[in-house]
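Here is the structure we will look at.
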Amino acid sequence: QIASIEAKTSEDDLKVHKMKKKVLRKQVRAQHTLMRHEGIECISHATQNLVIANAGLGNEMSRHQLLRIVEEYGLVEMLLMPPNKPYSFVKYGTTEEAKKAFDALNGKELTLEDVGHNITLYVNFVEKVSCQNAVPTSLPPGLLVIEKIISPEEERRMLESIDWIGDEETQNAQKTLKHRRVKHFGYEFCYDNNNVDKDKPLPGGIPEICDVFLEKCLKQGYIKHKPDQLTVNQYEPGQGIPPHIDTHSAFEDEIISLSLGAEIVMDFKHPDGCTVAIMLPRCSLLVMTGESRYLWTHGITPRKYDVIQASELGQKVGTITADAGDLTLNRRETRTSFTFRKVRRGPCSCIYPSVCDSQKGQQRQVQPSFPHDEVEASKLEQEYVHKVYEEIATHFSSTRHSPWPRIVEFLRSLPKGSVVADVGCGNGKYLGINEDLYMVGCDRSRNLVDICGEKNQEAFVCDALRVPLRSGSCDACVSVAVIHHFSTAERRLAAIRELVRLLRPGGTALIYVWAMEQEYKNQKSKYLKEKHNNKDKEEQIHTGISQRLISDQMPDSSSQNSAHSDLLFNELKDEGCNAKPAAASRLPVHTNRTSFHSQDLLVPWHLKASTKKKGEGADTVLIPADSKESQELSPVFHRYYHVFCEGELEAACRSLDCVRIQKSYYDQGNWCVVLEKL
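According to this note's numbering, numbering within the sequence shown proceeds without interruption in unit steps and concludes at 1043.
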């Protein structure tokens, strides 16, 4: 019997040992995953701060349940649950409380409330838990949400008026789609062509029970015309609707949608990648007009839980802010939406032709050719560089905050008291990097120079080909993302020569230009990596939005059409650049976040409406030039670029007999040179 007990004890000890090894293995794996994917470093010594893997909103763990668990071990000063992540952060009042929680929770298996399935927690210490203040997002322009537009009794009657079981084929069209059930009244919306047959109205029209509600909407000014089409959608938990824009040619401007039975989070997305999640409470009305109706996509992600503000718990209309300290899960219930529209009787003439089916192929085809002489080059840069940056200056500046590390390194390496010129300084983000330097900036854009002035920085307006500073007056110069805007090899070389003129003998200049090679040494640049993720826009020198080519033809590259250009291309050919000049080609429009197929191209910039200066127009290729509407919201601007092949920048520098290249390198999609004046 004693032997049996000892054997049993030994077996139990072995199981415990194996379990501890498994927990340790999973804990280490969690550490590596957090570091590899999130940049979160776990530490071996105890602190007040824990990261708990498998206890995040992405695992369907609610804030209420996790808070109840972690509060058992001490005072919780902070609980952060990042949206859609499988982990959370906890900060305790003392290190002892954190150690107590670590010992109790690491490897602990528990059952998720409401969901029912089990998860195992893996806990690690971290040095600190930081909570960045989330910037509140605003509703898309033209969008309105009205709470409690109808009473619970009106809601009940409207829901009961929809018979999902009876045979009503003579009255309306009913369909069971992949993610929802649908009924149409007045006119059937055909999903095969995303339009309505305006000559075949359904018998019966919109149910009479909706009349009182619609009269209220008309009286309150939410709509101008009484709708004649109704779509009723019923969503079960886990169902949704793909992101879409209601077909322009099918319906008029105003679209209103009533949420019945339960609240829901609806996602809106702008073409520039900006997304806004909006809570639609039960018995609320969503009104979409203007930009929110025509330009933004809207949809409902199929899922059983919505991430919402914990402090509001679905009780308040508004956008869902990504505040990790105030997010939780809200279980979805069956929701029914009544969406009312007015069928359009003519083509749509909205101010968003790039997404308008009525205006496809009707846009003004402004497609500049590559310049063949100095006059044409100057005109091209005036229209597609200078004017554009004047228009987009405020928006452009808002995306330019984070200095690039190697440029900072260069500036901080200069001797104290050095005089430095930043030629093409933009919003001046490099002018204050090193307070031991005397830095002055200049830029062709007055609006960008004004932004420098607002920050008390020294800057003035001038052309980079003619900088009004004395020759040899600077110890160093920087030119970041400027020279690639000059449209001929001669003008690019002249810009480099002007930098050298400013330098004293022994002075150095740092030059950055956009690279043709956005994948180098088997590594993709950030520009390509962030094709589906725009989180770090401010770190990018170049941004834009995806647009299709104006022309079906996209040449490999553009012509330089000069003896000196041919010389440079021949030098580059010897150094391995595959780009070849193409004669008399039109400039293609680049598709953002993709590899380059042409050295000379136009890159789109989609201006946010809130940053456009009042009264300023937009010379955009997507809006008719003679239209008053071309002065309105969300124009697309196109900036000229010449992207440099490997060796091209060095070849241009070497063609000057008064300089020596100290070093050249590739930095996140840019070719870079540090040159010294002899």
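Beta carbons are placed, not taken as given, at the ideal position from N, Cα and C, and that holds for glycine. What you are looking at is a predicted structure, and each value in this text was computed from that prediction instead of being measured.
Pick from the options that is closest to residue i, judged by C-alpha positions
i	options	result
Arg308	Ser1029, Arg700, Cys1037 and Glu1041	Nothing about residue 308 can be reported from this structure: the residues present for the chain run from 366 to 1043 only.
Asn799	Gln964, Gln822 and Val968	Gln822
Lys473	Lys465, Ile484, Val826 and Lys464	Ile484
Ser743	Asp828, Arg696 and Arg777	Asp828
Leu830	Asp808, Val561 and His590	Asp808
Ala1017	Glu601, Leu1040 and Met426	Leu1040
Cys1023	Arg811, Ser844, Gly837 and Ala854	Gly837
Tyr803	Arg811, Val826, Tyr1030 and Asp840	Asp840
Ser960	Phe761, Ser890, Leu1043 and Lys386	Ser890
Val785	Gly806, Glu437, Pro712 and Ile610	Gly806
Asp632	His751, Leu651 and Leu625	Leu651
Lys707	Gly797, Leu972 and Val561	Val561
Ser767	Ser778, Ser783 and Gly797	Gly797
His1007	Pro736, Arg811, Val843 and Gly818	Pro736
Glu601	Lys565, Tyr670, Lys456 and Leu660	Tyr670
Phe1009	Ser950, Arg1025, Val393 and His962	His962
His751	Leu779, Leu694 and His850	His850
Gly655	Asp722, Asn1035, Leu858 and Pro506	Pro506
Val878	Leu431, Gly605, Tyr1030 and Gly818	Tyr1030
Glu746	Lys781, Ser649, Arg857 and Thr759	Arg857
Leu660	Glu406, Arg696 and Pro608	Pro608
Ile570	Pro592, His663 and Thr666	According to the sequence displayed, residue 570 carries Gly and not Ile. Comparing Cα-Cα distances from Gly570 to each of Pro592, His663 and Thr666, the minimum goes to Pro592.
Buried or exposed (CB count within 10 angstroms, at least 16 for buried), residue i
i	result
Ala411	exposed
Gly1012	buried
Arg390	exposed
Leu440	exposed
Asn449	exposed
Pro646	buried
His397	exposed
Glu619	buried
Lys386	exposed
Leu444	buried
Pro323	Outside the shown range of the chain (366 to 1043) lies residue 323, about which nothing can therefore be said.
Gln585	exposed
Asp965	buried
Gln888	exposed
Asp637	buried
Pro718	buried
Val1038	buried
Val577	exposed
Leu692	buried
Gln1027	exposed
Asp738	exposed
Nearest-angstrom beta carbon gap, residue j and residue i [assumed within contact, 8 Å]
i	j	result
Ile673	Met653	So it is not a contact: roughly 21 Å between Cβ atoms.
Phe490	Leu415	6 Å
His1003	Pro969	6 Å
Cys813	Gly791	Checking the sequence, you will find Leu at residue 813 rather than Cys. Between Gly791 and Leu813 the Cβ distance is about 5 Å, and since that is below 8 Å, they are a contact.
Arg869	Leu1021	Not a contact, Cβ separation roughly 16 Å.
Ala874	Ser852	Contact flag wrong, Cβ pair sits at about 21 Å.
Arg697	Ile606	That belief does not hold up - the Cβ atoms of Arg697 and Ile606 are roughly 13 Å apart, past 8 Å.
Backbone CA spacing between residue i and residue j [nearest angstrom]
i	j	result
Asn559	Thr704	16 Å
Asp815	Arg521	58 Å
Glu512	Glu882	52 Å
Gln413	Lys465	11 Å
Val826	Leu834	12 Å
Asp702	Cys555	For the record, residue 702 in the displayed sequence is Ser; it is not Asp. Approximately 18 Å, taken between the alpha carbons.
Ser503	Val510	12 Å
Leu972	Glu442	41 Å
Leu475	Pro770	45 Å
Glu436	Ile417	14 Å
Ser1043	Arg951	According to the sequence provided, residue 1043 is Leu. The question's Ser does not apply to it. In a straight line, the C-alpha of Leu1043 is about 40 Å away from that of Arg951.
His955	Glu580	48 Å
Pro566	Tyr552	5 Å
Residue i - DSSP class collapsed to helix/strand/coil
i	result
Glu601	coil
Asp576	helix
Ile673	strand
Arg765	coil
Arg546	strand
Arg697	coil
Leu524	helix
Gly818	helix
Asp468	helix
His971	strand
Leu864	helix
Val740	helix
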